[in-house]
Amino acid sequence: MLKETDMTTATKTVNRSGRVALLLAACLMAGVLAVTWVVCGVRYEKARKDILDARRAEMGSWVSGTREAVELWADGAEKLVQRISSSELYRMFAQDVQSLGSQVEGSINEADRKGVALPEDAASLAEQVPFMRGALLDFMNYNGLSDMRIVNGKGQTLLSAMMQPAPLDGEAAGLVGRAVGKHEFLFGSVRAGQNGQQLDVADPMSAFLAGGEEGKTVAAVFARIPVTGKLAQFLARDRQDDAGRPWLLQRAGDGWNVLGVDAASSDPALTLPLDDAGNLEFGRRTSVDGKSIVYSLGTQVSGLEWEIVLETPAAVVDARLRGMAWMIYGIGALAAVGVVLVAALLWWILISRRNEALARHFQQLYTVIDQQKRLLDSVNASLEVGLAMFDADGMVQVSNRVFSRMTTNEEENAGGTDSGAGGVSDATGRTLLSLFDVRTGASLVDAVRKVLDSGKADTIEVRIHEGETAERLFRVSLFPPYLQEESAVTEAKPGVVAIFQDITEFRRNSERRQRQQANIILALVRAIESVDPYLAGHSQKVAALADQVGGALGMAGPAREGLRTAAALSQIGKLFIPRNLLHKTGQLTPEERAEIMRAPEYAYELLKDIDFGQPVAEAVHDMFEKLDGSGYPRGLSANSIAPAPRVLGVVNTFCAMVSPRSHREGLRYEDAMTRLRDDPSVDSAVVEALDAGLRTPEGMSSIMGKAL
Numbered sequence: 003m004l005k006e007t008d009m010t011t012a013t014k015t016v017n018r019s020g021r022v023a024l025l026l027a028a029c030l031m032a033g034v035l036a037v038t039w040v041v042c043g044v045r046y047e048k049a050r051k052d053i054l055d056a057r058r059a060e061m062g063s064w065v066s067g068t069r070e071a072v073e074l075w076a077d078g079a080e081k082l083v084q085r086i087s088s089s090e091l092y093r094m095f096a097q098d099v100q101s102l103g104s105q106v107e108g109s110i111n112e113a114d115r116k117g118v119a120l121p122e123d124a125a126s127l128a129e130q131v132p133f134m135r136g137a138l139l140d141f142m143n144y145n146g147l148s149d150m151r152i153v154n155g156k157g158q159t160l161l162s163a164m165m166q167p168a169p170l171d172g173e174a175a176g177l178v179g180r181a182v183g184k185h186e187f188l189f190g191s192v193r194a195g196q197n198g199q200q201l202d203v204a205d206p207m208s209a210f211l212a213g214g215e216e217g218k219t220v221a222a223v224f225a226r227i228p229v230t231g232k233l234a235q236f237l238a239r240d241r242q243d244d245a246g247r248p249w250l251l252q253r254a255g256d257g258w259n260v261l262g263v264d265a266a267s268s269d270p271a272l273t274l275p276l277d278d279a280g281n282l283e284f285g286r287r288t289s290v291d292g293k294s295i296v297y298s299l300g301t302q303v304s305g306l307e308w309e310i311v312l313e314t315p316a317a318v319v320d321a322r323l324r325g326m327a328w329m330i331y332g333i334g335a336l337a338a339v340g341v342v343l344v345a346a347l348l349w350w351i352l353i354s355r356r357n358e359a360l361a362r363h364f365q366q367l368y369t370v371i372d373q374q375k376r377l378l379d380s381v382n383a384s385l386e387v388g389l390a391m392f393d394a395d396g397m398v399q400v401s402n403r404v405f406s407r408m409t410t411n412e413e414e415n416a417g418g419t420d421s422g423a424g425g426v427s428d429a430t431g432r433t434l435l436s437l438f439d440v441r442t443g444a445s446l447v448d449a450v451r452k453v454l455d456s457g458k459a460d461t462i463e464v465r466i467h468e469g470e471t472a473e474r475l476f477r478v479s480l481f482p483p484y485l486q487e488e489s490a491v492t493e494a495k496p497g498v499v500a501i502f503q504d505i506t507e508f509r510r511n512s513e514r515r516q517r518q519q520a521n522i523i524l525a526l527v528r529a530i531e532s533v534d535p536y537l538a539g540h541s542q543k544v545a546a547l548a549d550q551v552g553g554a555l556g557m558a559g560p561a562r563e564g565l566r567t568a569a570a571l572s573q574i575g576k577l578f579i580p581r582n583l584l585h586k587t588g589q590l591t592p593e594e595r596a597e598i599m600r601a602p603e604y605a606y607e608l609l610k611d612i613d614f615g616q617p618v619a620e621a622v623h624d625m626f627e628k629l630d631g632s633g634y635p636r637g638l639s640a641n642s643i644a645p646a647p648r649v650l651g652v653v654n655t656f657c658a659m660v661s662p663r664s665h666r667e668g669l670r671y672e673d674a675m676t677r678l679r680d681d682p683s684v685d686s687a688v689v690e691a692l693d694a695g696l697r698t699p700e701g702m703s704s705i706m707g708k709a710l
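Numbered per this note's numbering, the sequence shown finishes at 710, counting up by one with no gaps.
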């Protein structure tokens, strides 16, 4: 009975201990899960804030850049109109017309039409109308305007670029009235016109001092600017986020209307939650078209009642947030489970009375590790790159079969070694000098020691013989060893991990493409020289000198090669110019000169779709631009001109001046350099680099046509 009672008591004690252990385990798991949930929540909020801040920064960069582009364009439009409104000639004309009364104001614009009667004191003004209208018409056409006229405060046309202009509608007349009343430049609303969308502007004209009260507004210049292309250009600016959708809005009363490429929306005006500065803060809201939920951000354009808005679908951002949440909470759950499992294992080790269970656990762990090792061995065997570890003496510590196959031919040439399974010699335990030729082995050993000394990864290229004559090119990536400061001291030498990747075919294909491109360029140069006998050798001279100047200015690598290619093709636009113009000995007419000046545009259209790896087409297109903005075809100036076209412009001009043409002899080199130095529209640094290059034997050889 006593033994039975003791056994019963012991059984109850064991059962009670089991229940206590189970309760403690449950409490531990609940506590770990609670802590994990809180930590993951804090981490997710930080990640969410980082994602939204990054999105805000990306969108803000585009919005602010677009606003600057719009404001720059608007400033240019204002300065353009002010060239007329500030003209003393037109100010005096408007002042004189108003001084003669309302009858003259309403009919002076038609003074050159038959049947129009004006008072005798208006005769002198009537004689000025045809001349001033012609000048105004030339100004309007040259700057691409749809309408331009001088209007009084009542909306009456005093002088128009057109002989019979249509009267201003109510909105345009109101814009002029506000500009005159406020005495400031004003933009109107974008409206549909005969030639697309147009923007009305009005700028007041002050009285001329000699005949009126200085500062008094006597009239206003009214202009109508086509903006369809500009709107499309603003909306098409590159964005980091391809899913984003841009909007241009213009104020309509207390709201906003969508401003598109076709026309302003006629839908009811939108309401936007703008701040006091007129900006739309970044946030989640309904899209402008009301069809979806988006994250949007906007800013108002100063001077124009426009709002630039960029939207990103909320689904795109939410998907990234959900992915981040899954990752954070998933990692947290795995960590919590890991902590619980580790705690359970420790608890099991402390309270377990049966070592057999612990042994079974370690047996299971060994089984898992063995399976993982087998998996890693199979992955390593399936890799198509050579893997090895070298010490500072060039000894192969570890290698895979691909690396051993790479060294088989070298090894056989050296006398051969024992082969492992599959007939592949094992490279482990060998030195690099014994596996490869002396040059390749020495370069690898030097690279290994450099990585060990610096602790930084490095990459080299080596050639490995394959048979008696063939060889393969390999890119070798070397990675330094990972050594923990608190790790135990070991006698093993630190090893550098090396990855050998065969790039033979890649390099051959690259060289083949380069040869093909060189042949294409040579064919194009020959075609260029065929249209004009005076161009023979010109492209080669420009290419050789441009290459020297580019090197002197610090260009290197692909940029310098792109400059040389652009120089060789700099005359390709002349293929499309009529030969009779290229060979003409007399003075060119304005129309003929304009046709020749289109050569850069022809060149760009021909080259823009060819992948040179560098902006060759752009360099050829802009080589005739000037620092002072007097060049063509785009009128760029100063920093807007890239370095390559600056070099091309100077070198091409020099080669053209020293070479004879059908209508003149070539200049001396010294005279040509003097003219370039005296020309403020070219880059002086390029001129000095050219002068220094011409003083070298290579430079003289280039200009004599002996260098390619």
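We put the beta carbon where it would ideally sit given N, CA and C, even for glycine.
Residue closest to residue i, alpha-carbon to alpha-carbon, out of the options
| i | options | result |
| --- | --- | --- |
| residue 650 | 693, 572, 81 | 572 |
| residue 432 | 643, 458, 391, 657 | 391 |
| residue 111 | 189, 451, 158, 324 | 158 |
| residue 570 | 588, 580, 598, 521 | 521 |
| residue 440 | 646, 467, 129, 429 | 467 |
| residue 257 | 503, 318, 248, 272 | 272 |
| residue 237 | 546, 310, 620, 276 | 310 |
| residue 239 | 565, 312, 628 | 312 |
| residue 646 | 657, 553, 254, 593 | 553 |
| residue 131 | 99, 293, 505 | 99 |
| residue 57 | 443, 586, 286 | 286 |
| residue 396 | 406, 445, 388, 428 | 445 |
| residue 349 | 394, 26, 428, 591 | 26 |
| residue 219 | 152, 42, 590, 323 | 152 |
| residue 566 | 581, 616, 525, 505 | 616 |
| residue 752 | 155, 505, 463 | Because residue 752 is not part of the residues shown, which for the chain are 3 to 710, the question remains open. |
| residue 496 | 210, 47, 506, 482 | 482 |
| residue 148 | 226, 369, 76 | 226 |
| residue 1 | 59, 326, 434, 80 | Since the first and last residues shown for the chain are 3 and 710, residue 1 lies out of range. |
| residue 68 | 248, 430, 667, 472 | 248 |
Residue i burial status per 10 Å Cβ neighbour count (16 or more: buried)
| i | result |
| --- | --- |
| residue 330 | buried |
| residue 32 | exposed |
| residue 232 | buried |
| residue 595 | exposed |
| residue 333 | exposed |
| residue 541 | buried |
| residue 414 | For residue 414, the predicted model reports a pLDDT of 48, less than 50, meaning its position is unreliable and no value from the coordinates is stated. |
| residue 200 | buried |
| residue 95 | buried |
| residue 575 | buried |
| residue 408 | buried |
| residue 328 | exposed |
| residue 22 | exposed |
| residue 42 | buried |
Cβ neighbours of residue i in the same chain (closer than 8 Å, five flanking residues each side left out)
| i | result |
| --- | --- |
| residue 489 | A caution first: residue 489 carries a pLDDT of 45, below 50, which makes its placement in the model unreliable, though a value can still be read off. Counting only Cβ-Cβ distances below 8 Å, and skipping sequence neighbours, we find nothing. |
| residue 66 | 301 |
| residue 635 | 599, 600, 602, 603, 623, 626 |
Proximity below 9 Å, CB of residue i to CB of residue j
| i | j | result |
| --- | --- | --- |
| residue 475 | residue 461 | no |
| residue 502 | residue 400 | no |
| residue 577 | residue 530 | yes |
| residue 93 | residue 210 | yes |
| residue 619 | residue 609 | yes |
| residue 261 | residue 192 | yes |
| residue 223 | residue 86 | yes |
Chain-order list of residues whose beta-carbon lies under 6 Å from that of residue i (same chain, five-residue window excluded)
| i | result |
| --- | --- |
| residue 698 | none |
| residue 1 | Lying before the first or after the last residue shown, residue 1 is absent from the chain, which here runs from 3 to 710. |
| residue 658 | none |
| residue 141 | none |
7 Å CB neighbourhood of residue i in its chain, flanking five on each side removed
| i | result |
| --- | --- |
| residue 1 | With the chain covering only 3 through 710, there is no way to say anything about residue 1. |
| residue 692 | 547, 551, 652, 653, 656 |
| residue 205 | 83, 84, 87, 181, 187, 222, 223 |
| residue 423 | Here the model assigns residue 423 a pLDDT of 44, short of 50, so the residue's position is not dependable and the matter cannot be decided. |
Residue i CB to nearest heavy atom of the ligand COA below 8 Å
| i | result |
| --- | --- |
| residue 696 | Among the ligands in the structure shown, none appear at all, so the ligand COA cannot be discussed. |
(message) Is it the case that the region 64 to 82 contacts the region 301 to 308, given that we only count it when at least three CB pairs across the two stretches are under 8 Å?
(response) Three or more Cβ pairs drawn from the region 301 to 308 and the region 64 to 82 lie within less than 8 Å of each other, which places the two stretches in contact.
(request) State whether the region 46 to 55 contacts the region 169 to 187, with contact taken as three or more CB pairs (one from each stretch) at a distance under 8 Å. (result) In short, these stretches do not touch, since the Cβ pair count stays below three.
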